[in-house]
Amino acid sequence: MDPDQSGRLHPSWFNHQRHVLKALAQAVVKIVEEHHQPLKNATVLDFGCGDAPYRTLFQASGIAKYLAADLGDGAEIPIESGKPLPIADQSIDFVVSFQVLEHVWDLDWYLSEVRRVLKPDGKLILSTHGTWLYHPHPTDFRRWTVDGLPEELSTRGLVVDKIEGLVGPLAWTTQVRLLGYRMVCQKIPLVGNLLASLMALLMNVRMCLEDGITPPALIQNHACVYITVSHPR
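If you count the sequence shown from 1, you need to add 85 to reach our numbering.
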């Protein structure tokens, strides 16, 4: 997904990824509200932060510190794959990881670092893909099911307290078609971008209606994105 911060928090109806981005933003807001008291004066690590699109949501909860870790020299906390983060053991109250895990090849290293830096009563808030198209930013390795993701975390020492599926099969199949239509529209001279925006508007309205009529159990078992809350075992 495109990492634009404002686009992730408040996506336009003309944004071709609006429905998924909006669902994820709403889920993050809900989790932040549910953990309002534990977040007070907490230290939060965004592990694979990109431009940290949800930083302001956590800062508004009165956290003490928001640490942003990512690849590259410009990162606040640089990540070197396979090496420990420059963060003390059991010093972090919340690790957050949004749409990162599918880009990580070495899950053992990544999740062992999560466990190492988390306090014994700390939490991991993690979202990743259930069903989504291949999107190498810069790489793209995996997708998960409602059973597979908790098992992946559990085998690496994390207990899943909550998993929520976002965007059901009626809507995400429309999302896939929208991505295809957008590519076709943008090849049309002069009016291509306008047509793509109008198509996005129509399809975003359709996806809202489709998710509205999809049974919750069907969304949970066949979701486009999963968001989880876990704690160290």
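We treat Cβ as the ideally placed atom computed from N, Cα and C, and that holds for glycine.
Using DSSP bridges, identify the partner residues of residue i.
i: Val113; result: DSSP lists no partner for Val113.
i: Ala153; result: Asp131
i: Thr313; result: Leu211, Ile248
i: Leu203; result: Ile177
i: Pro138; result: In the DSSP output, where bridge partners are listed per residue, Pro138 has none listed.
For residue i versus residue j, is the C-beta spacing smaller than 9 Å?
i: Leu243; j: Tyr311; result: no
i: Leu109; j: Gln184; result: yes
i: Val314; j: Ile172; result: no
i: Asn306; j: Val189; result: no
i: His104; j: Met292; result: yes
i: Ala112; j: Gly133; result: no
i: Leu152; j: Leu130; result: yes
i: His316; j: Leu203; result: yes
i: Pro169; j: Arg140; result: no
i: Arg227; j: Leu279; result: no
i: Trp194; j: Ser166; result: yes
Could you name the residues of the same chain whose beta carbon sits closer than 6 Å to that of residue i, not counting the 5 residues immediately before and after it, in chain order?
i: Pro88; result: The predicted model places Pro88 with a pLDDT of 44, which falls under 50 and marks its position as unreliable; any figure quoted below should be read in that light. Excluding sequence neighbours, Pro88 sits near Gly135, Asp136.
i: Val199; result: Val180, Leu209
i: Thr96; result: With the sequence shown as reference, residue 96 is identified as Pro, and Thr is not the correct amino acid for it. Result list for Pro96: Arg103, Leu106, Lys107, in chain order.
i: Ile304; result: Gly250, Gly253
For residue i, I'd like the list of residues in its chain whose CB is within less than 8 Å of its CB, leaving aside the five on either flank, ordered along the chain.
i: Ala149; result: Asn126, Ala127, Thr128
i: Ile298; result: Leu255
i: Ala302; result: none
Here's a check: name, in chain order, each residue in its chain whose Cβ is nearer than 7 Å to the Cβ of residue i, leaving out the five neighbours to either side.
i: Phe99; result: Ser282, Ala285, Leu286
Any beta carbon from chain D within less than 9 Å of residue i's own beta carbon?
i: Val105; result: The displayed structure is made up of one protein chain only, and chain D is not part of it.
Decide yes or no for the touch test of the segment 267-285 against the segment 161-179: beta carbon pairs closer than 8 Å, at least 3 of them.
-> no
Three or more C-beta pairs closer than 8 Å, one from the segment 295-311 and one from the segment 210-221: is that the case here?
-> yes
In chain order, which continuous runs of the beta strand (DSSP E) of length 3 or greater are located wholly inside the segment 165-201?
-> 177-183
Alpha helix (DSSP H) runs wholly inside the segment 208-253, at least 4 long, in chain order = 233-239
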